[in-house]
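Shown next, in structure tokens, is the structure this report addresses.
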Amino acid sequence: MSSFASSISKVFYGTFIHSISIKEIEFISNGLLFVDTHGRIAKIVRNVPNDQFRGALDGVVESKVVILNEDQFVIPGFVDTHIHAPQYAYCGNGHDVTLLDWLDTLAFPHEAKFKDASYARRIYTKAVARSLRNGTTSACWFATIHLDATKELVKVIEEQGQRAYVGKVNMNQNSPDVLRETMQSSVADTRAFIQYVRAIDDALGLDTKPLVTPIITPRFAISCTSDLLTELGKLAAEFDIPIQSHLCENLNEIEFTKSLFPNSIDYTSVYADHELLTHRSIMAHCVHMKDEELQLMKARRAGISHCASSNFNIKSGMANVRKMLDMDLKVGLGTDVAGGFSSSILDAFRAARTCSIAKSPDDSLLIPELFYLATMGGARVMELEDTIGNFEVGKEFDAILVNTAAKHSPMDVFEHDTIWTKFEKYLFVGDDRNNEKVYVQGKEVRLPDI
């Protein structure tokens with residue numbers, strides 16, 4: 017056996033679909049995709065006839081080959097750039113009120129329960145499992161203020177095998193008493209959480225790239241005093257880790273924020289003024305952004321999580337994603353559970369399309385652009401575009417094996433269907449039942465029953 021063959025853990029033969037730019041999707045027919053023992057894509061061979069694929073295996077034994085049928089294809093795993101793990105328990109509830117009332121009546125009372133780490137584990141186990149079943153191989157998770165519960169979220173993600181950014185939420189003002197930290201305890205617990213995740217990563221050794229990364233997570237500017245935001249900015253710089261929060265989601269939220277931070281020009285500047293707007297920042301929503309704020313986002317190379325479903329559900333408004341893309345801002349999709357009613361990026365994809373049509377009907381987002389946002393766009397927002405997002409050689413193999421003819425599939429396939437129409441049907445009609453297998457870092461994820 018050659019050294020190349022011995023370095024390969026799995027080979028896929030069939031159809032692969034991925035974004036090679038925001039405007040172009042590549043369909044690889046009769047392709048061979050080789051995954052090495054480190055979970056990276058080692059080689060891709062295109063257009064290999066059925067009767068010749070064995071000769072193109074480069075010595076890899078056939079027992080390592082997965083042969084796809086004409087109803088199956090492989091796509092990159094979805095990237096969810098904004099999701100709240102504790103809110104999964106009431107996903108689908110509370111969509112008759114707007115943001116600030118929604119937080120007070122639903123989100124905050126429920127999140128107080130996460131003081132109990134065993135309760136948190138029960139909810140988080142379901143939340144992560146559902147996310148993976150929906151084909152999300154990478155996610156940016158908000159937890160709660162509770163250190164022990166947030167550690168449980170990390171444990172669950174490690175056990176189930178998802179790639180993730182995980183944040184212990186920071187809140188020391190304008191919050192219920194049971195969810196209000198002191199500035200000192202918030203910073204200390206955040207530091208302890210970062211060190212906890214780093215210790216897990218160190219234990220893995222140099223040959224294994226960690227799947228979980230800590231992320232600085234002020235809930236939003238309203239919930240944090242200026243001195244807390246300053247200290248969080250220092251932590252982000254000290255540990256060189258990403259940052260996530262909410263930005264310009266709701267008009268009342270914006271006005272409240274401006275009243276709290278009168279020395280900042282606008283909402284976006286609040287984060288910039290506290291060193292929390294960097295190339296590693298992920299700002300959710302960005303619905304009501306002034307041109308100056310978008311320019312500041314671009315100058316700082318910060319990313320945007322477009323959460324159209326949530327923005328519709330709790331009546332926040334419609335983000336102008338076409339304008340963002342024309343500015344070459346980094347944009348990905350977020351489910352924003354439970355503001356969004358589903359942890360499926362397919363639902364986020366569909367809501368983003370509806371939002372785009374309603375916002376700019378003459379220049380709405382096209383399928384290649386939306387698919388890019390769901391995969392490569394999200395990878396770019398997470399600053400992981402060199403690691404995941406499509407099937408370039410050298411990237412890690414995070415992928416979904418889609419079966420358009422799966423048992424109990426919500427979509428039907430007919431003899432006239434082509435690979436394009438099957439793919440299109442999956443995007444608009446498919447769901448988790450079509451996600452036959454999910455892979456993260458080259459390993460098949462065991463999808464538990466839910």
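Residue numbers (this note's numbering): 17 to 466.
C-beta atoms are modelled at their ideal positions from N, C-alpha and C, and glycine is treated no differently.
Every value quoted in this text rests on a predicted model; they were computed, and no experiment measured them.
Residue i - containing alpha helix (DSSP H), residue span
i, result
"Ile373", "361 to 375"
"Lys59", "Run containing Lys59: none in the alpha helix (DSSP H); it sits in the beta strand (DSSP E), 57 to 61."
"Ser297", "No alpha helix (DSSP H) holds Ser297; the beta strand (DSSP E) holding it covers 297 to 301."
"Ala21", "19 to 22"
"Arg396", "394 to 397"
"Asn268", "267 to 276"
"Lys306", "Looking at the DSSP string, Lys306 is not in any alpha helix (DSSP H), and its letter there is neither H nor E."
"Asp243", "242 to 255"
"Ser285", "283 to 289"
"Ser239", "Here Ser239 belongs to no alpha helix (DSSP H), and DSSP marks it neither H nor E."
"Phe130", "First-last for Phe130: undefined, no H or E at that position."
Residue i, enclosing beta strand (DSSP E) - first and last residue
i, result
"Asp344", "Segment: none, Asp344 is in no beta strand (DSSP E) and carries neither H nor E."
"Val113", "Run containing Val113: none; DSSP gives neither H nor E here."
"Lys453", "451 to 456"
"Val228", "228 to 230"
"Gln260", "259 to 263"
Presumed contact (8 angstroms Cβ cut-off) between residue i and residue j, rounded CB distance
i, j, result
"Phe8", "Ile361", "Examination of residue 8 is not possible in this model, given that the chain is present from 17 through 466 alone."
"Glu175", "Leu227", "Going by Cβ atoms, the distance from Glu175 to Leu227 rounds to 11 angstroms, so no, they are not a contact pair."
"Tyr212", "Lys167", "6 angstroms"
"Gly30", "Leu73", "The Cβ separation is near 14 angstroms, so there is no contact."
"Leu122", "Gly108", "At roughly 11 angstroms, the Cβ-Cβ gap does not stay under 8 angstroms, so Leu122 and Gly108 are not in contact."
"Val286", "Phe277", "5 angstroms"
"Ser23", "Lys80", "Not really, about 11 angstroms apart at Cβ, beyond 8 angstroms."
"Ser280", "Met299", "With 8 angstroms as the limit, Ser280 and Met299 do not qualify as a contact, their Cβ atoms being about 15 angstroms apart."
Own chain partners of residue i with C-beta closer than 6 angstroms, once the 5 adjacent residues on each side are dropped
i, result
"Pro192", "Phe124"
"Glu86", "none"
"Asn150", "Ser359, Ser360, Asp448"
"Asn451", "Gly151, Ile416"
"Ala136", "Phe130, Ala165, Glu168"
"Asn266", "Leu115, Ser332"
"Ile44", "Phe32, Arg62"
"Thr229", "Tyr181"
"Glu385", "Ile38"
For residue i, the residue or residues it bridges with in DSSP
i, result
"Arg179", "Ser154"
"Asn419", "Gln88"
"Tyr29", "Leu48, Ile83"
"Met334", "Met334 is not bridged to any residue."
"Gly356", "Val353"
"His100", "Phe158"
"Ser321", "Ala300, Gly348"
"Pro234", "Asn186"
"Lys459", "Val456"
"Val64", "DSSP, once it has assigned bridges, lists no residue as partnering Val64."
Residue i (DSSP reduced to helix, strand or coil)
i, result
"Asn46", "strand"
"Leu73", "coil"
"Lys441", "helix"
"Gln189", "coil"
"Ile36", "coil"
"Phe413", "coil"
"Phe94", "strand"
"Ile41", "strand"
"His432", "coil"
"Ile383", "helix"
"Asp447", "coil"
"Asp218", "helix"
"Asp378", "helix"
"Thr198", "coil"
"Thr53", "coil"
"Ser425", "coil"
"Ser147", "helix"
"Leu293", "coil"
"Lys225", "coil"
Close-in-space but distant-in-sequence residues of the same chain around residue i (CB under 8 angstroms, 5 per side omitted)
i, result
"Arg70", "Glu78"
"Phe357", "Cys107, Gly108, His111, Ser325, Asn329, Asp363"
"Met427", "Thr420, Lys441, Tyr442, Val445, Gly446, Asn450"
"Ser18", "Asp74, Gly75"
"Ile60", "Phe32, Ile44, Gly47, Leu48, Leu49, Phe50, Phe407, Val409"
"Thr198", "Asn188"
Minimum Cβ-Cβ distance from residue i to chain C less than 8 angstroms
i, result
"Glu86", "The structure shown contains no chain C; it is built from a single protein chain."
Neighbourhood of residue i by C-beta distance below 7 angstroms, restricted to the same chain and skipping five residues each side
i, result
"Met392", "Ser35, Glu401, Gly405, Asn406"
"Ala155", "Asp96, Ile99, Ser147, Gln178, Ala180"
"Ile373", "Ser380"
"His424", "Arg449"
"Thr153", "Gly93, Phe94, Gln178, Arg179, Asp414, Val454, Val456"
Near the ligand COA: residue i beta-carbon under 7 angstroms from a heavy atom
i, result
"Asp379", "In the structure on display, the ligand COA does not appear, and there are no ligands present to speak of."
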